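Here is the structure we will look at, set down as structure tokens.
Numbering (this note's numbering), first residue to last: 1400 to 1662.
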């Protein structure tokens, strides 16, 4: 049973589902232009799921907009309660480091550090207390992959980014055939809609819609994230699944490239 103060999902997904362990490869497109690549490594250590990810803009984009992202997460496999998450980013000359810790009593603490060349370092600490089932942007991946979706199904969850709290609703619209990585696969089309919960940070409808997106999950035992479709005011952003390598092969490949991704 979950420890006192923290609730597991009130609508826990398929408890028998286990994501494929290994490295998932993705490409990023903006208005049809290839702008970067990313990797997601999923492992299991005892009763914990572990996610590690890295993403980078392509050499062409680096010339005017160099961006690097990386981080990791630990989440309990039985209850899907997150334990801790860290997300790092470097966009042009700005570096951000966000660490989120989930305590057993329901306290969630985040430490956010931001630095820019020629500017003083900024540290911000935020602490919230909640008994609601709350996840972070990485651990929520386990939730949406762990559901045996059907058209019309919905799942609502609170998400804490380290800065703000949101209520995200995932709704399965239909089952489609999409082509990714050179293959045609059946996929559930899932719409994500989010609204900000922080009273001091209210937003307009336009700002809220800027976070809406569609997620395509393979309608098979793997339940891979095949595509993320995010129309935005400035253009159309896509994340596309390119391939998968099992843990024994994929982890070694990703570890070799880890040093290159930091450059």
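The C-beta atom is built at its ideal place from N, Cα and C for all residues, glycine as well. Just so we're clear, the structure is a prediction, and the values are computed from it rather than from any experiment.
Report task. Find the nearest neighbour of residue 1568 within the set 1560, 1555 and 1416, judged by alpha-carbon distance. Result -> 1555
Query - CB contact flag (residue 1491, residue 1621, <7 Å) - result: no
Query raised in the report: Who pairs with residue 1548 in a beta bridge, going by DSSP?
Result: Residue 1548 pairs with nothing; no bridge assigned.
Query raised in the report: Which residue's Cα is closest to the Cα of residue 1731: 1532, 1467, 1446 and 1445?
Result: The structure shown does not extend to residue 1731, since the chain spans only 1400 to 1662, so no value can be given for it.
Query raised in the report: What's the call for residue 1550, buried or exposed, on a 16-neighbour Cβ count within 10 Å?
Result: exposed
Query - Among 1619, 1565 and 1628, the one whose alpha carbon lies nearest that of residue 1613 - result: 1628
Query raised in the report: Going straight from the alpha carbon of residue 1481 to that of residue 1583, what length do you get?
Result: Rounded to the nearest angstrom, the two C-alpha atoms are 33 Å apart.
Query raised in the report: Smallest Cα separation from residue 1460: which of 1474, 1483, 1429 and 1485?
Result: 1429
Requested in this report: Just mark residue 1547 as buried or exposed, buried being the case when its beta carbon has 16 or more other beta carbons within 10 Å.
Outcome: exposed
Query raised in the report: Does the beta carbon of residue 1462 sit closer than 7 Å to a beta carbon anywhere in chain B?
Result: Note that chain B does not occur in the displayed structure, where there is just one protein chain.
Query raised in the report: Are there 16 or more other CB atoms within 10 angstroms of the CB of residue 1576, so buried, or fewer, so exposed?
Result: exposed
Report task. Return the chain-ordered list of same chain residues with a C-beta closer than 6 Å to the C-beta of residue 1496, the five sequence neighbours on each side being excluded. Result -> Closer than 6 Å at Cβ, skipping near neighbours: 1487 and 1512.
Query raised in the report: Measuring CA to CA, which of 1463, 1586, 1438 and 1457 is closest to residue 1471?
Result: 1438
Query raised in the report: With 16 other CB atoms within 10 Å as the buried threshold, where does residue 1588 fall?
Result: buried
Query raised in the report: Does the distance from the CB of residue 1435 to the CB of residue 1448 come in under 7 Å?
Result: no
Query raised in the report: Can you list, in chain order, the residues of its chain whose CB lies under 7 Å from that of residue 1634, leaving out five sequence neighbours each side?
Result: Closer than 7 Å at Cβ, skipping near neighbours: 1429 and 1430.
Query raised in the report: Is it the case that the Cβ atoms of residue 1535 and residue 1557 are separated by a distance below 7 Å?
Result: no
Query - Residue environment, residue 1639, which counts as buried when at least 16 other CB atoms sit within 10 Å - result: buried
Query - Backbone secondary structure at residue 1598 - three-state DSSP - result: It is helical.
Query raised in the report: Nearest-angstrom Cα distance between residue 1645 and residue 1542?
Result: Per the coordinates, the alpha-carbon of residue 1645 lies some 21 Å from the alpha-carbon of residue 1542.
Requested in this report: Within 10 angstroms of the Cβ of residue 1464, are there 16 or more other Cβ atoms? Answer buried if so, exposed if not.
Outcome: exposed
Query - Nearest to residue 1525 (by Cα), restricted to the options 1560, 1443 and 1574 - result: 1560
Query raised in the report: Whole-angstrom Cβ separation of residue 1643 and residue 1422, contact assumed at under 8 Å?
Result: 7 Å
Report task. Pull up the distance between the alpha-carbon of residue 1595 and that of residue 1432, whole angstroms please. Result -> 31 Å
Requested in this report: Please classify residue 1405: is it buried, with 16 or more other beta-carbons within 10 angstroms of its beta-carbon, or exposed?
Outcome: Under this definition residue 1405 is a buried residue.
Query raised in the report: Which residues mark the beginning and the end of the beta strand (DSSP E) in which residue 1536 is found?
Result: Residue 1536 -> no beta strand (DSSP E), and no H or E assigned at all.
Report task. Quick one: give me the first and last residue of the beta strand (DSSP E) that residue 1458 is part of. Result -> Run containing residue 1458: none in the beta strand (DSSP E); it sits in the alpha helix (DSSP H), 1458–1461.
Query raised in the report: Terminal residues of the continuous beta strand (DSSP E) containing residue 1379?
Result: For the chain, the structure presents residues 1400 to 1662; residue 1379 sits outside this window and is missing.
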